[in-house]
Amino acid sequence: MLGCSEWDTKTCNEVDLENSIEWEVKTITSAMKQYLRSLPEPLMTYDLHGEFIIPVKSGSPESRVNAIHFLVHKLPEKNKEMLDILMKHLANVSNHAKKNLMTVANLGVVFGPTLMRPQEETVAALMDLKFQNIVVEILIENHDKVNMEEGLCFYSMVYTGLCTF
Numbered sequence: 030m031l032g033c034s035e036w037d038t039k040t041c042n043e044v045d046l047e048n049s050i051e052w053e054v055k056t057i058t059s060a061m062k063q064y065l066r067s068l069p070e071p072l073m074t075y076d077l078h079g080e081f082i083i084p085v086k087s088g089s090p091e092s093r094v095n096a097i098h099f100l101v102h103k104l105p106e107k108n109k110e111m112l113d114i115l116m117k118h119l120a121n122v123s124n125h126a127k128k129n130l131m132t133v134a135n136l137g138v139v140f141g142p143t144l145m146r147p148q149e150e151t152v153a154a155l156m157d158l159k160f161q162n163i164v165v166e167i168l169i170e171n172h173d174k175v176n177m178e179e180g181l182c183f184y185s186m187v188y189t190g191l192c193t194f
């Protein structure tokens with residue numbers, strides 16, 4: 030679903046996002062957001078939407094991170110890879126918040142609705158909008174932790190009594 034399949038592969042492989050002379054961070058981010066918005070299903074999938082919302086409505090910060098980590102690992106592999114790349118980029122953007130004003134909270138507002146969309150637009154879905162933003166904030170702030178396997182094991186032990194490893 031994700032990747033260069035819709036582009037000419039040679040052209041896609043020649044794009045150098047590391048060259049800051051050719052690209053500005055806001056240009057890359059805007060293009061990424063447009064691409065993600067155009068996907069037929071959000072990166073964080075319709076099936077997992079409600080599951081991502083539940084842990085941010087309650088619990089300790091640590092349990093939220095662990096729950097979201099567990100859910101990220103339920104995403105299709107390509108979605109997970111893209112999410113990892115995007116979260117690293119957004120963490121880098123937020124590291125320059127004093128200059129660009131894009132705090133983690135602001136990035137959550139900008140990317141929450143793009144990464145997580147309910148399948149149906151309802152009043153309840155509108156009420157969950159702020160929780161979508163919080164999920165994205167957690168992913169940005171903890172992008173390095175979300176990919177660590179012991180977090181997944183911890184979540185599995187706490188919530189299911191089993192460790193998947």
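Quick note on the working numbering: the sequence shown kicks off at 30 and runs consecutively. Quick reminder that beta carbons are idealized off the backbone N, C-alpha and C, glycines included. Values in this document were obtained by computation on a predicted structure and should not be read as measured data.
Own chain partners of residue i with C-beta closer than 8 Å, once the 5 adjacent residues on each side are dropped
{"i": "L158", "result": "G141 and P142"}
{"i": "Y75", "result": "R146, P147 and Q148"}
Per-residue burial, residue i [other beta carbons within 10 Å of its own, 16 or more giving buried]
{"i": "M111", "result": "buried"}
{"i": "V175", "result": "buried"}
{"i": "S67", "result": "exposed"}
{"i": "E166", "result": "buried"}
{"i": "N108", "result": "buried"}
{"i": "M116", "result": "buried"}
{"i": "H98", "result": "buried"}
{"i": "M155", "result": "Note on residue identity: the sequence assigns Leu, not Met, to residue 155. With fewer than 16 other Cβ atoms within 10 Å, it is exposed."}
Alpha carbon of residue i to alpha carbon of residue j, nearest angstrom
{"i": "I83", "j": "L168", "result": "15 Å"}
{"i": "H102", "j": "I114", "result": "15 Å"}
{"i": "Q148", "j": "K128", "result": "36 Å"}
{"i": "E150", "j": "K86", "result": "20 Å"}
{"i": "L119", "j": "V164", "result": "13 Å"}
{"i": "L100", "j": "S92", "result": "12 Å"}
For residue i, three-class secondary structure by DSSP
{"i": "T58", "result": "helix"}
{"i": "Q63", "result": "helix"}
{"i": "T132", "result": "coil"}
Cutoff 7 Å; reference residue i; Cβ partners in own chain excluding five residues on either side
{"i": "M145", "result": "P71, M73, H78, F81, Q161 and V164"}
Supposed contact pair residue j and residue i - C-beta distance, whole angstroms, cut 8 Å
{"i": "E170", "j": "V122", "result": "13 Å between Cβ atoms; not a contact."}
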